[in-house]
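Working notes, structure below.
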Amino acid sequence: WHDRLLGGFRKTSDRLIGNLAGLSAARLDDSTLDEIEEALIASDLGPQTAARIRTRLADGAYERNMEELGIRLVVSEEIEKVLEKVAQPLEIDAFPRPQVILVIGVNGSGKTTTIAKLAKTLVDQDYGVMLCAGDTFRAAAIGQLQTWADRVGVPLVRGSEGGDAAGIVFEAVKQATATGIDVLIVDTAGRLQNKRELMDELAKIRRVLGRLNPESPHDVVLVLDATTGQNALSQIEVFKEVAGVTGLVMTKLDGTARGGVLVAAAEKYRLPIHAIGVGEQADDLRPFDANEVARIIS
Ligand code: GDP
């Protein structure tokens with residue numbers, strides 16, 4: 006699947022390589038270093054990573070005559086160092102079952118699609134999976150999740166539009182427990198417009214889950230849309246506050262040149278990155294592999 010991952014990062018890779026083009030490090034004076042640092046920031050890698058790469062180049066860690074390719078090598082190595090600390094697949098290890106995965110994120114981030122992809126990945130590994138439509142605000146969201154549940158072949162517990170989300174989640178855990186389900190994936194509302202309401206709703210879901218099992222939810226996965234670039238970082242900030250976040254999935258990397266934001270997010274928040282979305286189909290979720298990504302970006 007390397008080619009497809011490469012496809013997923015093609016635009017990001019082109020942008021980064023394009024931004025560094027012509028910047029030869031044969032003579033690393035201050036203005037060249039400034040230009041390199043700016044090129045890295047313009048590629049969404051974030052100020053911290055950009056500054057570290059600059060320092061490393063300036064320190065002369067690479068004394069040999071470093072042409073453009075040499076810079077790319079250093080960039081790639083630094084990206085890998087940042088990413089390998091956070092690359093962490095979602096472990097299915099809850100006992101007793103079910104493991105409850107709360108999926109959060111703003112509407113349009115790719116939350117529903119990611120839930121479907123995650124379900125497909127787990128079904129392929131022989132886990133019993135159930136979905137729960139915890140976003141009761143949008144009827145379309147419930148319908149869309151039903152379509153995906155049917156397509157992937159997993160049961161969905163759903164209520165009616167405008168129903169009590171925590172009540173549906175409670176019902177889903179009961180059904181999942183009774184039927185020996187391994188993993189319950191819960192969709193949640195993503196209306197950031199009303200932060201207070203969203204916070205209350207997520208808190209209520211967490212309370213209900215915690216009463217059934219103090220370890221639950223076992224995972225709170227934030228879905229981020231890579232095409233929003235640095236905006237994704239402020240979403241991490243908000244959702245950390247409203248819901249607590251245990252890990253990230255970044256979507257739509259196939260359609261954007263802004264995939265560098267993965268590095269900025271990793272550097273700034275150190276949250277585990279579980280997987281990445283590189284397309285709209287159920288099998289377009291890729292494990293997140295720091296080395297693969299770093300090599301592709303270089
Ligand atoms: P939600 O509102 O957060 O549940 O978002 P959806 O799951 O409905 O996704 C919004 C749109 O983004 C849909 O058209 C999806 O097909 C699309 N989408 C989701 N993930 C990806 C991805 O990884 N790559 C691409 N190209 N499109 C995606």
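In full-length UniProt numbering, the protein residues as written are 6 to 303.
Virtual Cβ for every residue (Gly too), placed ideally from N, Cα, C.
- Three or more pairs of CB atoms, one per stretch, sit closer than 8 Å, so the region 97-117 contacts the region 216-236.
- Counting only runs of at least 4 residues, the region 86-146 fully encloses the following alpha helix (DSSP H) elements, listed from N- to C-terminal order: 116-129.
- Residue state for V225 is assigned as strand, using DSSP reduced to three classes.
- For T256, the enclosing beta strand (DSSP E) starts and ends at G252 to T256.
- Under the 8 Å Cβ criterion, the region 276-293 counts as touching the region 120-129, having at least three qualifying pairs.
- Membership of V213 in the alpha helix (DSSP H) is indicated by the continuous run K200 to L217.
- Relative to ligand 1, the beta carbon of V283 is positioned inside 7 Å of a heavy atom.
- Looking at the DSSP output, P292 shares a beta bridge with A280.
- When S29, E297, L50 and G260 are compared, the shortest CA-CA separation from L238 is found for L50.
- For T256, the shortest C-beta to heavy atom distance toward ligand 1 is below 7 Å.
- L95 and S36 have their C-alpha atoms some 43 Å from each other.
- Burial state of Q104 is buried, judged by a 10 Å Cβ sphere holding 16 or more other Cβ atoms.
- G164 and I173 have their C-alpha atoms spaced approximately 6 Å apart.
- Cβ atoms of S114 and T256 come within 8 Å of each other, at about 6 Å.
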